[in-house]
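So the number in the numbering used here is just where the residue sits in the sequence shown, counting from 1, plus 7.
C-beta atoms are modelled at their ideal positions from N, C-alpha and C, and glycine is treated no differently.
Right, one structure below, let's go through it.
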Amino acid sequence: MTMVVASRGEVMAGWYTVSCSDCGGEIPVHEGWSNPPSICGSCKEKRKNMWYDKSCESCSATLRVHKEWNNPPRFCASCKESQKAKWYEKPCEGCGGTIHANRDWDHPPVFCQECKQRNQPQYKPCSHCGATFTIPTGTLINCKKQGWDLPNRCKDCRELFKFKPFRTARETDLLNNVVWRTYNSRGQLISESRDTEGLPGDRYREHRSPSGQVIGRTRQHEGVFNHNYRETSGTDGRVKSTSRDKEGPFGDRYSESTGGSSGETHQTRTRDNLFNGKKHRETW
Ligand SMILES: [Zn+2]
Ligand SMILES: [Zn+2]
Ligand SMILES: [Zn+2]
Ligand SMILES: [Zn+2]
């Protein structure tokens with residue numbers, strides 16, 4: 008604090024000076040002022056010019072913005088508040104962790120980022136038609152949770168297999184070779200099988216999807232007590248299903264197969280077509 012000295016060199020009673028906190032210049036201050044200034048007039052003016060007005064992007068209310076702010080606000084306080092209220096928490100269906108979701112989103116996420124990262128969509132060839140299909144994140148997570156195997160057929164092929172019973176009919180191709188064609192209950196072709204001989208003596212029935220992809224081979228085996236059974240293996244050599252001939256309670260003969268991706272048991276019976284007298288095999 009310094010005394011204020013008038014131009015004639017006399018000390019002016021009751022006045023002293025303080026330094027402007029912005030520029031360090033002297034500001035005369037009177038003892039009687041209850042609220043002495045801390046910045047000089049020109050600095051005050053400069054400070055005022057650092058502020059400008061802009062409109063809230065949502066409601067157009069006026070916002071005071073400082074030129075030195077790195078992130079000038081885009082919305083007014085009340086708009087910010089109502090935006091904040093739109094956020095809510097929900098549990099991740101994969102790990103139970105917390106997901107932040109917004110009420111404005113049409114499709115709030117079902118899984119958290121980590122679950123999505125760890126279960127990125129997989130692309131693999133369909134075991135039936137060979138086409139590449141996608142296993143989405145949700146399916147990957149659900150299969151893991153339920154302990155299920157991942158799907159190995161594309162959506163279209165899975166659809167084909169939905170419509171039971173399957174009907175296998177002995178038909179001939181354009182060259183008059185015998186083929187067994189299996190249709191679903193909608194009459195859509197599922198597969199075509201032919202008797203083939205691989206290495207000498209290795210006879211089997213080869214199954215192909217409508218796209219021509221080999222999907223399996225069935226060989227006749229002799230089991231204990233001369234009970235013959237048939238074993239169908241996939242192209243990887245793994246056994247897909249086993250089937251045995253059986254006799255039902257009314258003496259009807261059918262074959263029962265176990266296996267497949269579902270591990271279910273299916274029964275196949277020979278049926279007569281009442282209209283054309285031809286026989287076909289029906290699988291439930
Ligand atoms: Zn100043
Ligand atoms: Zn607003
Ligand atoms: Zn999660
Ligand atoms: Zn397919």
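Proximity test, residue i beta-carbon vs ligand 4 heavy atom, cut-off 7 Å
i, result
"H214", "no"
"A138", "yes"
"D163", "yes"
"H287", "no"
"R201", "no"
Status (buried if at least 16 other CB within 10 Å, exposed otherwise) for residue i
i, result
"G255", "exposed"
"R224", "buried"
"H344", "Missing from the structure shown is residue 344; the chain here goes from 8 to 291 and no further."
"C133", "buried"
"N126", "buried"
"F173", "buried"
Distance cut-off 7 Å: residue i Cβ against heavy atoms of ligand 3
i, result
"G104", "yes"
"E166", "no"
"G101", "yes"
"E121", "yes"
"F257", "no"
Local conformation of residue i per DSSP, three classes
i, result
"F140", "strand"
"Q220", "coil"
"D163", "helix"
"I46", "coil"
"R54", "helix"
"L181", "coil"
"L70", "strand"
"F173", "strand"
"G244", "coil"
"G21", "strand"
"K285", "coil"
"G145", "helix"
Residue i - containing alpha helix (DSSP H), residue span
i, result
"S89", "84–92"
"K123", "120–125"
Minimum C-alpha distance to residue i - residue among the options
i, options, result
"Q274", "G284, E263, H287", "E263"
"T242", "A20, T179, G137, P35", "G137"
"D156", "I142, K169, D163, L70", "I142"
"K131", "L147, V117, P116, C122", "L147"
"R193", "T175, G205, R210, W187", "T175"
"C86", "N77, F173, S49, C63", "C63"
"G101", "T144, E38, P35, V72", "T144"
"N235", "D252, G244, Q220", "D252"
"H228", "S248, F257, F118, V221", "S248"
"R201", "N191, G208, Q195, R212", "R212"
"V72", "K91, R54, T265", "R54"
"S65", "S89, K74, C30", "S89"
"R167", "Q127, T189, Y59", "A quick correction: the sequence has Leu, not Arg, at residue 167. The candidate whose alpha carbon is nearest that of L167 is T189."
"D209", "R226, G219, L196, Q153", "R226"
"I46", "M57, I34, P158, G39", "I34"
"R237", "G266, W291, R165", "G266"
Extent of the continuous beta strand (DSSP E) run through residue i
i, result
"D202", "196–204"
"A108", "105–109"
"N235", "235–240"
"P132", "129–132"
"H135", "Careful: H135 lies outside any beta strand (DSSP E) and carries neither H nor E."
"S28", "Here S28 belongs to no beta strand (DSSP E), and DSSP marks it neither H nor E."
Heavy atom of ligand 2 within 7 Å of residue i beta-carbon
i, result
"A68", "yes"
"S65", "yes"
Contact test: residue i Cβ vs ligand 1 heavy atom, cutoff 7 Å
i, result
"D113", "no"
"C47", "yes"
"G32", "yes"
"C83", "no"
Test: residue i CB closer than 8 Å to a CB of chain C
i, result
"T189", "As a matter of chain content, chain C is missing from the structure shown, which is built from one protein chain."
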